[in-house]
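Structure first, then comments.
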Amino acid sequence: MSPRRRDSASRLRWMHDRLLQAYGPQAWWPAQSSFEVVLGAYLTQNTSWKAVERSLANLAAAGALSPDGFRALSVDELRELIRPSGFATRKAPALKAFMSMLDKEFEGSLNELAALPTEPLRMRLLGLFGVGPETADAILLYALGHAVPVADEYLRRIAGRHGLIKPPPAKNRAGYEALVQLTRNAFDADQETAQFFNEFHALAVAVGKAHCRKKAVCDGCPLAADLPPGGPRQIG
DNA sequence: CGCCAGGCCGTGT
DNA sequence: ACACGGCATGGC
């Protein structure tokens, strides 16, 4: 039966099942340590993962993928190492601010940071320079193991093109929270685990990279059966 | 070459 | 509250 004409929660569940069937488990985040997840979460802001990999390779060569190695870098050295992934004049001090917070209040330990309750922890992250809602939630989920949904530009486009949210999809804070709520409402309480949200966001990125970039490439998309009659509703 | 990338911040309404 | 420009570099 067609998923069309059903409520957005059902359709989002259908999307999850369809994507899992099409792509399989994604085993995210692509990193060797929680600290590396944090670095990647900052570096990938409005930046292709390909470029992030170049910066991470530079950091690895400098021995700076661990807190100890990273702490030893000056902000100027850091800026040069992460230059390939762009916005380095912003991202270098932002990362140093995270490290500084971790050292001063959590003995340099991500585990101690992760021990805070989710909501205060999220507020804490959002208060950091260079951390918005998506970066905060990515760190919460993929580095700290908290069960929160992660919304991103791909999910925003998917929801927009499929008419799950009223177009044009807002790119502001309220729009982000609406996507998070959409995800929370779609799944049962017993599915609201870190493992599940982990997989859901990873699948959204997988289909996004393949079919939901700015140029519409809905042809061959596993989710195409759910598109409104006449094609995607909203491209940008 | 021009457009875009796994956002966020500062400023102006 | 919301829109909008700026931010840096590299891939395609």
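For the first sequence, position 49 matches number 49 in our numbering, and the numbering has no gaps at all. Here a beta-carbon is modelled for each residue, glycine too, at the ideal position from N, C-alpha and C. Bear in mind the structure is a predicted one, so any value in this text is a computation, not a measurement.
TODO: Could you tell me whether the Cβ atoms of residue 220 and residue 158 are closer together than 8 Å?
DONE: no
Task: Host alpha helix (DSSP H) of residue 205 (start-end) - done: 194-211
Open item on the list: For the pair the stretch 34-48 and the stretch 74-87, tell me if three or more CB-CB distances fall below 8 Å.
Closed with: yes
Open item on the list: If contact is defined by three or more beta carbon pairs under 8 Å, each pair taking one atom from either stretch, is the stretch 150-166 in contact with the stretch 127-137?
Closed with: yes
TODO: Assign residue 105 to one of three DSSP states: helix, strand, or coil.
DONE: helix
TODO: Would you mind sorting residue 55 into buried or exposed? The rule is 16 or more other CB atoms within 10 Å of its CB.
DONE: buried
Open item on the list: Just to confirm my understanding: we take residue 143, look at its own chain, exclude 5 residues before and 5 after, and list those with CB closer than 6 Å. What are they?
Closed with: 34, 37 and 38
- [ ] Look at residue 164 and residue 12 and say whether their C-beta atoms are less than 8 Å apart.
- [x] yes
Task: Ordered list of alpha helix (DSSP H) runs contained in the stretch 8-62, each at least 4 residues - done: 8-23, 34-43 and 49-61
Task: Nearest residue (CA-CA) to residue 89, options 169, 130 and 72 - done: 130
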